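Enquirer:
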Ligand SMILES: Cc1cc2nc3c(=O)[nH]c(=O)nc-3n(C[C@H](O)[C@H](O)[C@H](O)COP(=O)(O)OP(=O)(O)OC[C@H]3O[C@@H](n4cnc5c(N)ncnc54)[C@H](O)[C@@H]3O)c2cc1C
């Protein structure tokens with residue numbers, strides 16, 4: 001459950017009200033039953049009542065002429081998103097969510113309450129005593145080490161940024177194969193990849209590829225859905241004007257559109273309708289965009305399509321500001337700092353598919369093959385049963401993350417599959433059979 005309270009700058013988000021371990025929350029702690037009343041009155045972008053998620057904050061901070069780095073999915077909650085790293089349509093301009101995290105409050109496995117930032121860690125013990133240290137390990141580990149691992153976060157404080165006077169959207173869409181049978185996908189992707197790797201940091205957003213026929217009889221879609229923070233200048237226009245003029249006769253549509261704020265732009269984002277889906281992820285670097293990668297993607301779009309299932313890919317643009325943060329400054333996979341795209345491949349199927357085991361196997365194979373083109377995976381979008389997951393998700397940050405886990409949660413009270421400390425059914429009685437159990441361990445597992 002989430003309650004949001006806004007201060008002028010930065011934004012503080014209170015989460016997980018009363019998710020205290022062992023019912024140890026005392027009056028004056030971060031369990032405020034009164035806040036639950038507030039939750040009931042939270043309205044969301046679509047006018048319905050939900051638990052607040054990252055898109056809520058866009059609206060909140062927009063009132064103060066600020067922007068916050070948040071996810072694109074309007075159903076994504078702030079905690080898992082942030083603890084895993086958190087990429088955003090604004091990340092090329094302002095970095096990952098963890099690059100903007102200033103402080104958090106967490107309930108640890110033994111019921112202590114920790115407030116941590118990049119210069120101190122303060123622990124309030126169950127017996128009422130308080131200690132402060134300049135060791136910042138737990139804050140570092142929380143900036144990318146993953147959700148459900150070190151404790152239950154009850155409050156986040158994020159840096160806000162001044163809003164630009166204008167946000168410009170660029171939408172450009174081509175089919176993969178035209179009605180007349182002409183395969184244009186290769187040429188379009190080749191052009192897009194040559195442009196994406198040169199974009200100014202003000203541009204962020206997504207490359208969306210899907211393998212389904214459209215109503216006009218074309219097959220598939222390759223779409224750039226980008227946003228520009230600020231009024232366009234000639235450099236910002238140059239690359240995308242090239243796209244605008246690239247085989248206009250092939251385009252389904254291609255245009256720029258102005259918005260008065262990021263919130264106004266974000267409101268137009270359409271949520272994918274819910275259906276079953278299995279995703280894998282690959283972090284791609286500039287030299288990953290080979291002809292072999294393009295050929296593989298387009299081949300799979302065709303062969304994975306049936307009237308009950310299909311393949312789609314979302315490439316989130318990285319680079320820009322993300323690359324200016326040191327590889328070990330936060331605990332996300334250092335590969336994030338040298339990658340230009342986080343590519344998530346999703347196999348989706350309709351509810352009429354009862355046995356989807358073969359789709360999962362094929363989805364995993366596609367993921368493994370894509371991984372050969374890049375380096376590392378984003379833990380929040382990754383698949384299941386990832387070989388060498390420690391290295392794939394956290395690279396050279398893993399051993400430090402494991403040591404911090406050992407220090408703060410030596411009994412593996414918090415455990416989840418392929419999370420820090422999960423290896424070899426270590427000590428946790430909740431993972432002795434090696435199977436997946438409730439992400440937050442015993443509290444939710446019973
Ligand atoms: C539709 C969709 C869109 C997405 N878009 C983006 C995007 O734009 N950018 C991006 O980076 N990712 C995106 N993701 C991936 C997203 O970051 C992950 O799915 C993330 O795990 C979601 O976090 P959650 O808290 O909503 O999920 P949950 O499943 O509730 O939590 C994920 C993990 O965090 C743990 N956790 C939850 N709350 C807490 C807490 N308070 N303290 C400690 N641990 C906690 C859970 O136990 C679990 O292990 C998207 C996912 C979907 C399904």
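In the working numbering, the protein residues as written are 1 to 446.
Using N, Cα and C, we set each Cβ at its ideal position, and we do this for glycine too.
The structure displayed is predicted, hence computed values, not measured ones.
Which complete beta strand (DSSP E) runs does the stretch 125 to 165 hold, if anything under 3 residues is left out?
Expert: Segments of the beta strand (DSSP E) lying fully in the stretch 125 to 165: 130 to 133 and 152 to 158.
Enquirer: Given this structure, state the Cα-to-Cα distance separating residue 117 from residue 219, to the nearest angstrom.
Expert: Approximately 50 angstroms between the Cα atoms of the pair.
Enquirer: Taking 8 angstroms as the line, does the beta carbon of residue 454 fall inside it for any heavy atom of ligand 1?
Expert: No answer is possible for residue 454: it lies beyond the span of the chain, which begins at 1 and ends at 446.
Enquirer: Are the CB atoms of residue 450 and residue 405 nearer to each other than 9 angstroms?
Expert: The structure shown has nothing for residue 450, since the chain only spans 1 to 446.
Enquirer: Going by C-alpha distance, which of 205, 76, 113 and 85 is nearest residue 329?
Expert: The residue with the shortest Cα to Cα distance from residue 329 is 85.
Enquirer: Just the Cα atoms here: how many angstroms apart are residue 264 and residue 413?
Expert: Using only the alpha carbons, I get a separation of about 42 angstroms.
Enquirer: How far does the beta strand (DSSP E) with residue 221 in it reach, from first residue to last?
Expert: Element bounds for residue 221: 219 to 229.
Enquirer: Got a sec: does ligand 1 put a non-hydrogen atom nearer than 8 angstroms to the Cβ of residue 73?
Expert: Yes, the Cβ of residue 73 comes within 8 angstroms of a heavy atom of ligand 1.
Enquirer: In chain order, what are the residue ranges of uninterrupted alpha helix (DSSP H) at least 4 long that sit wholly in the stretch 74 to 116?
Expert: With a minimum length of 4 residues, the continuous alpha helix (DSSP H) runs that stay inside the stretch 74 to 116 are 78 to 84 and 91 to 94.
Enquirer: Kindly list the residues whose CB is nearer than 6 angstroms to the CB of residue 390, restricted to its own chain and excluding five residues on each side of it in sequence; keep chain order.
Expert: Only 398 meet the Cβ criterion.
Enquirer: Would residue 403 be called buried (16 or more neighbouring beta carbons within 10 Å of its own) or exposed?
Expert: When all chains shown are included, residue 403 counts as exposed.
Enquirer: Is it the case that the CB of residue 268 approaches a heavy atom of ligand 1 more closely than 8 angstroms?
Expert: It does not: the Cβ of residue 268 is nowhere closer than 8 angstroms to a heavy atom of ligand 1.
Enquirer: Does residue 324 come out as helix, strand or coil in the three-state DSSP assignment?
Expert: Here residue 324 sits in helix by DSSP.
Enquirer: Could you spell out the range, first to last residue, of the alpha helix (DSSP H) harbouring residue 390?
Expert: It spans 389 to 394 - the alpha helix (DSSP H) in which residue 390 sits, taken as one unbroken run.
Enquirer: In this structure, how does DSSP classify residue 175 when only helix, strand and coil are distinguished?
Expert: The answer is coil: DSSP assigns residue 175 none of H, G, I, E or B.
Enquirer: If we ignore side chains and look at the alpha-carbon of each, how far apart do residue 245 and residue 255 end up?
Expert: Cα-Cα distance, rounded: 11 angstroms.
Enquirer: In this structure, does DSSP put residue 193 in helix, strand or coil?
Expert: Reduced to three states, the DSSP call for residue 193 is helix.
Enquirer: Name the residue from 125, 200 and 269 whose alpha carbon lies nearest to the alpha carbon of residue 75.
Expert: Residue 75 has its Cα closest to that of 269, out of 125, 200 and 269.
Enquirer: One question on the structure: do residue 72 and residue 101 come within less than 9 angstroms of each other, judged by their Cβ atoms?
Expert: Contact flag unset, no.
Enquirer: Taking all protein chains shown into account, decide if residue 415 is buried (16 or more other Cβ within 10 angstroms of its Cβ) or exposed.
Expert: Classification for residue 415: buried.
Enquirer: Using only CA atoms, which one of 374, 240, 159 and 347 lies nearest to residue 171?
Expert: The residue with the shortest Cα to Cα distance from residue 171 is 240.
Enquirer: Using DSSP's beta-bridge definition, name the partner residues of residue 281.
Expert: According to DSSP, residue 281 bridges with 344.
Enquirer: What residues in its chain sit with their C-beta under 8 angstroms from that of residue 232, if we drop five residues either side in the sequence?
Expert: Counting only Cβ-Cβ distances below 8 angstroms, and skipping sequence neighbours, we find 168 and 256.
Enquirer: Residue 209 by DSSP, collapsed to three states: which one?
Expert: It is a strand residue.
Enquirer: List the endpoints of the continuous alpha helix (DSSP H) containing residue 298.
Expert: Its alpha helix (DSSP H) spans residues 291 to 303.
Enquirer: Cα separation between residue 312 and residue 347?
Expert: Spanning the two alpha carbons is a distance of roughly 6 angstroms.
Enquirer: Considering only the beta carbon of each residue, do residue 92 and residue 374 sit closer than 9 angstroms?
Expert: No, the pair does not count as a contact, with Cβ atoms beyond the cut-off.
Enquirer: So the candidates are 326, 275, 388 and 154; which of them puts its Cα closest to the Cα of residue 351?
Expert: Checking every option, the nearest Cα to that of residue 351 belongs to 275.
Enquirer: Looking at ligand 1, does it come within less than 8 angstroms of residue 348, judged from the CB to the closest heavy atom?
Expert: The answer is no for residue 348.
Enquirer: Less than 6 angstroms between C-beta atoms, sequence neighbours within five positions excluded: which residues of the same chain meet that for residue 259?
Expert: Cβ neighbours of residue 259 beyond the five flanking positions: 167 and 265.
Enquirer: For the candidate residues 251, 338, 304 and 186, whose alpha-carbon lies nearest to that of residue 95?
Expert: Comparing Cα positions, the closest option is 338.
Enquirer: Are the CB atoms of residue 132 and residue 121 within a distance shorter than 9 angstroms?
Expert: Yes, Cβ-Cβ distance for residue 121 and residue 132 is below 9 angstroms.
Enquirer: Between residue 351 and ligand 1, is the CB less than 8 angstroms from at least one heavy atom?
Expert: No, the beta carbon of residue 351 sits no closer than 8 angstroms to any heavy atom of ligand 1.
Enquirer: Give the DSSP bridge partners of residue 317, in chain order.
Expert: Per DSSP, 341.
Enquirer: Give a yes or no on whether the C-beta atoms belonging to residue 65 and residue 158 are separated by under 9 angstroms.
Expert: Not a contact, by the Cβ cut-off of 9 angstroms.
Enquirer: By the DSSP assignment, the beta strand (DSSP E) with residue 256 in it spans what residues?
Expert: Its beta strand (DSSP E) spans residues 253 to 259.
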